[in-house]
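Chains as they are written, first to last, in our numbering: chain A, 17 to 129; chain B, 19 to 132.
Glycine is no exception: its CB is placed at the ideal position from the N, C-alpha and C atoms.
First up is the structure itself, then whatever we jot down about it.
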Amino acid sequence: AQSVTQLGSHVSVSEGALVLLRCNYSSSVPPYLFWYVQYPNQGLQLLLKYTSAATLVKGINGFEAEFKKSETSFHLTKPSAHMSDAAEYFCAVSSGGSYIPTFGRGTSLIVHP
Amino acid sequence: DGGITQSPKYLFRKEGQNVTLSCEQNLNHDAMYWYRQDPGQGLRLIYYSQIVNDFQKGDIAEGYSVSREKKESFPLTVTSAQKNPTAFYLCASNLGPSSADTQYFGPGTRLTVL
């Protein structure tokens, strides 16, 4: 079985501040982990994914995430928030024989000027 | 440009009506998916298809039906049996059954029941 938990349905930061969105996963086998972003009234697009090649994964728009097996976490970070980062962010996990990802409930990132 | 198209963007349904949401992809992907999105609930899987003429129920298939007659097309019908269909519907695709595959999403259809 696989599952993912995103801590905090809303995260609010000031422009230029650090962005940290939390994701913890549960999987009985080594997982593949994904972060997707969704802008209002649009579909999701991939930010980055972990496929066991390297624990620190760099994605688009300056985002990165670190896979920590001991903490079963895959938190998303960005050093300096921009107004254009305001969106909904989804963490997802897929593993083993389950090739269909399980998505978290999403975290809405709000960026204040 | 390769991608996934969904139509219509907005759809209004009267009580007791069936409606069909279109999803087309030109990515040559084998697998296609339908998700329902409600505020605060993330994405919930309705149906998925790995190959033409084959599809499987997801977590919330009741009140929905699909077909996969062509590789590039995966329409979703919301039937009158779906009691609360107002939601944002997303179609997605990927190459095939692999846990490492990225899913590619369409722009979505917002369905509202009048």
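Indicate the three-state DSSP secondary structure (helix, strand or coil) for residue i in the structure shown.
i, result
"residue 86 of chain A", "coil"
"residue 101 of chain A", "helix"
"residue 77 of chain A", "helix"
"residue 47 of chain B", "coil"
"residue 58 of chain A", "coil"
"residue 42 of chain B", "strand"
"residue 117 of chain A", "strand"
"residue 85 of chain B", "coil"
"residue 50 of chain A", "strand"
"residue 110 of chain B", "strand"
"residue 18 of chain A", "strand"
"residue 55 of chain B", "strand"
Going by DSSP, name the residue or residues bridged to residue i.
i, result
"residue 127 of chain A", "A:29"
"residue 13 of chain B", "Residue coverage of chain B in this structure runs from 19 to 132, which leaves residue 13 of chain B outside it and unanswerable."
"residue 72 of chain A", "A:82"
"residue 65 of chain A", "A:50"
"residue 72 of chain B", "B:69"
Does the separation of the CB atoms of residue i and residue j fall below 8 Å?
i, j, result
"residue 108 of chain A", "residue 125 of chain A", "no"
"residue 98 of chain B", "residue 43 of chain B", "no"
"residue 49 of chain B", "residue 114 of chain B", "yes"
"residue 29 of chain B", "residue 132 of chain B", "no"
"residue 94 of chain B", "residue 23 of chain B", "no"
"residue 1 of chain A", "residue 20 of chain B", "A question about residue 1 of chain A goes unanswered here, because the residues of chain A that appear run from 17 up to 129."
"residue 121 of chain B", "residue 51 of chain B", "yes"
"residue 108 of chain B", "residue 119 of chain A", "no"
"residue 72 of chain B", "residue 63 of chain B", "no"
"residue 27 of chain A", "residue 123 of chain A", "yes"
"residue 48 of chain A", "residue 66 of chain A", "yes"
Going by alpha carbons, who is nearest to residue i out of the options?
i, options, result
"residue 97 of chain A", "A:70, A:78, A:111 and A:68", "A:78"
"residue 25 of chain A", "A:121, A:129, A:128 and A:111", "A:121"
"residue 106 of chain B", "B:47, B:53 and B:41", "B:53"
"residue 32 of chain B", "B:96, B:108 and B:119", "B:96"
"residue 41 of chain B", "B:59, B:80, B:75 and B:65", "B:65"
"residue 89 of chain B", "B:74, B:82, B:116 and B:67", "B:67"
"residue 85 of chain A", "A:70, A:95 and A:99", "A:70"
"residue 112 of chain B", "B:69, B:80, B:74 and B:83", "B:69"
"residue 57 of chain B", "A:44, A:110 and A:106", "A:106"
"residue 59 of chain B", "A:22, A:129, A:31 and A:17", "A:22"
"residue 80 of chain A", "A:51, A:31 and A:45", "A:51"
Does the beta carbon of residue i sit closer than 8 Å to a beta carbon anywhere in chain D?
i, result
"residue 59 of chain B", "Chain labels in this structure do not include chain D; the protein chains are A and B."
Can at least three beta-carbon pairs, one atom from the region 83-95 of chain A and one from the region 37-44 of chain A, be found at a separation below 8 Å?
Judged by Cβ distances under 8 Å, the region 83-95 of chain A makes contact with the region 37-44 of chain A, as three or more pairs qualify.
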